[in-house]
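Residue numbers (our numbering): 2 to 389.
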Amino acid sequence: MLLLGLLAKIPVVAIPIVLTLHVTTEQQLGFGRAGLVVAVWTAGFAVGAPFQGRHIDRHGLRPLLIVATTGQALFWGVAAQMPYSVLLFAALLSGLVIVPGTTISRLVIAGLVPEESRHTAFAVDSMLTNVSYMIGPALGIVLATQSSTALAFWGVGLLLVVSGLAVIVKNPPLAPSGEERSSDTPRPPLRQWVSRGLVMTCTCTFAAGMFSSGAELGVIGALQQSDQTEWLSALIVAFGVCSITGGLVYGTLRRRPSAAVTVAALGAVTIPIGTVGGTPWLAAALLPAALLYAPAFASTAAAASTFAVSGARASAMSLYSTAMTVGTALGGPVVGVALDRGGAGWGFATLGTLILFVSLLATLAMRRRAEGRSSESPATLDTSIRSQ
Numbered sequence: 002m003l004l005l006g007l008l009a010k011i012p013v014v015a016i017p018i019v020l021t022l023h024v025t026t027e028q029q030l031g032f033g034r035a036g037l038v039v040a041v042w043t044a045g046f047a048v049g050a051p052f053q054g055r056h057i058d059r060h061g062l063r064p065l066l067i068v069a070t071t072g073q074a075l076f077w078g079v080a081a082q083m084p085y086s087v088l089l090f091a092a093l094l095s096g097l098v099i100v101p102g103t104t105i106s107r108l109v110i111a112g113l114v115p116e117e118s119r120h121t122a123f124a125v126d127s128m129l130t131n132v133s134y135m136i137g138p139a140l141g142i143v144l145a146t147q148s149s150t151a152l153a154f155w156g157v158g159l160l161l162v163v164s165g166l167a168v169i170v171k172n173p174p175l176a177p178s179g180e181e182r183s184s185d186t187p188r189p190p191l192r193q194w195v196s197r198g199l200v201m202t203c204t205c206t207f208a209a210g211m212f213s214s215g216a217e218l219g220v221i222g223a224l225q226q227s228d229q230t231e232w233l234s235a236l237i238v239a240f241g242v243c244s245i246t247g248g249l250v251y252g253t254l255r256r257r258p259s260a261a262v263t264v265a266a267l268g269a270v271t272i273p274i275g276t277v278g279g280t281p282w283l284a285a286a287l288l289p290a291a292l293l294y295a296p297a298f299a300s301t302a303a304a305a306s307t308f309a310v311s312g313a314r315a316s317a318m319s320l321y322s323t324a325m326t327v328g329t330a331l332g333g334p335v336v337g338v339a340l341d342r343g344g345a346g347w348g349f350a351t352l353g354t355l356i357l358f359v360s361l362l363a364t365l366a367m368r369r370r371a372e373g374r375s376s377e378s379p380a381t382l383d384t385s386i387r388s389q
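Structure follows, in structure tokens:
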């Protein structure tokens, strides 16, 4: 299922660059309108995830995937011929019904892997996500620039359909053996699974998502500032390799820092990246963040899975996906504004400070919750036990 998830991730991560190249090169409408199409598709993806999770909890994964795979086949089959206004609306619908490989693999892990081993499974999943980011955008660029954006659209659609059909045939279980699921089974109360812990975990996930898009834009700004943009591809590949290494190490740890601490560390090492000059120093400054990148998502996914109770497992993990998507959507604009105002140094400093602040806020909220639980006196606990 992790390998099928990788097959489904590759076209999804290629979608933003393929849409951008189509609007800017084929339709000649500029980056502003291209960014709007990508933003609309991303918004549909973020809004649709919670509804998809609710549907999966009630009816299973296969019915949703049948609808999603059919919708993606229709969209990517004719999107290249759509005028801009139609493409804008259709991209929203495509985002609403797409079921990414990350959602599939995380649901399988949350449902089938014992809690004590999930950090390893989520580390592997994060490593495979890095592989998809190294393959997907590059494949989309090659198809769009060396042939046509129409071929890139068809390639994305073909991979989505093939991966969707493979998961439909496999129909993986999303719950432990013996845990029955029925559309008539009452849904757990909202307060039972939308807890403060899940909200704080999603908050940390939002912060880590900001790094995904913000750091990439920051690297581009730093290389442009030093007139060394030809090193961009090499730095992206090196970052991916280091992130995979970090995920491998994290997956083997027996004692692990919490998700909030891991994301806070990611924010702290991001702050000084933009203060260096030249590609070698920039690569060295990126190394700590690259090593923490996969562990940040592995730790937040593992934390979110602990709140994925029976009957609302997909809903909880879908909220996690939405938090990551929203963070990714906002990271780029935030860093872009900082780059325009103060250069690469301010871009990374702003990004790192925001990540650090959000994660520390989550840590503080969880610590207060833990202190509130431990403040009950033995007499109070004894009275509570007797009353039951």
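All C-beta atoms in this analysis are idealised placements derived from N, C-alpha and C, irrespective of residue type, glycine included.
On a predicted model such as this, the values are computed, not experimentally measured, just so you know.
In this structure, Thr43 keeps its C-beta atom at 9 Å or more from the C-beta atom of Phe32. Scanning its chain for C-beta atoms nearer than 7 Å, with the 5 sequence neighbours on each side dropped, one finds around His56 the residues Leu65, in chain order. Taking 8 Å as the upper bound for CB-CB distance, Ile11 and Ser133 are in contact here, some 5 Å apart. The beta carbons of Leu254 and Leu129 sit about 19 Å from each other, so the pair does not count as a contact at 8 Å. Going by C-alpha positions, Leu8 is about 16 Å away from Asn172. Residues of the same chain with a CB within less than 6 Å of the CB of Val264, apart from the 5 flanking positions on each side, are Cys205, Ala208, Ala209, Ala297 and Ser360 in chain order. When the beta-carbon positions are compared, Phe46 and Ile105 stay at least 9 Å from each other. Taking every protein chain shown into account, the CB of Phe76 has 16 or more other CB atoms within 10 angstroms, so this residue is buried. Per the Cβ contact rule, the stretch 324-335 is not in contact with the stretch 118-125 (fewer than 3 Cβ pairs under 8 Å). Annotation for Asp228: no alpha helix (DSSP H) segment contains it, and DSSP assigns it neither H nor E.
Contact annotation, Val168 with Leu5: C-beta distance approximately 6 Å; criterion of less than 8 Å satisfied. The criterion of a C-beta distance shorter than 9 Å is satisfied by Arg197 and Ala366. In the structure shown, the three-state DSSP call for Gly158 is helix.
For Glu217, the closest C-alpha among the options Ala261, Ser148, Ala330 and Gly248 is that of Ala330. The residue from Gln82, Leu37 and Glu117 with its alpha-carbon nearest to that of Arg256 is Glu117.
Under the three-state reduction of DSSP, Gln73 is assigned to helix. A residue is called buried once 16 or more other Cβ atoms fall within 10 Å of its Cβ, and Leu160 is buried on that count.
Contact between the stretch 230-246 and the stretch 342-355 is not established, with fewer than three Cβ pairs separated by less than 8 Å. Excluding five sequence positions before and after His23, the CB atoms of its chain that fall closer than 6 Å to its own CB belong to Thr150, given in chain order. Between the beta-carbon of Phe349 and that of Gly275 there is about 4 Å, and that keeps the pair under the 8 Å contact cut. Straight across, the Cα-Cα distance linking Val163 with Val277 is about 44 Å.
For Leu249, the enclosing alpha helix (DSSP H) stretches over residues Leu233 to Thr253. The beta carbon of Phe154 is closer than 6 Å to those of Trp77, Ala80 and Ala81 in its chain, skipping five residues each way along the sequence.
Judged by DSSP in its simplified three-state form, Pro115 adopts coil rather than helix or strand.
Taking a C-beta distance under 9 Å as the contact criterion, Pro258 and Ser322 do not qualify as a contact pair. When the alpha-carbon of Ala111 is set against those of Thr307, Leu233 and Gly279, the nearest one is in Thr307. With 16 or more other Cβ atoms inside 10 Å of its own Cβ, Thr202 counts as buried. At a Cβ-Cβ threshold of 9 Å, Gly165 and Ser227 do not count as neighbours.
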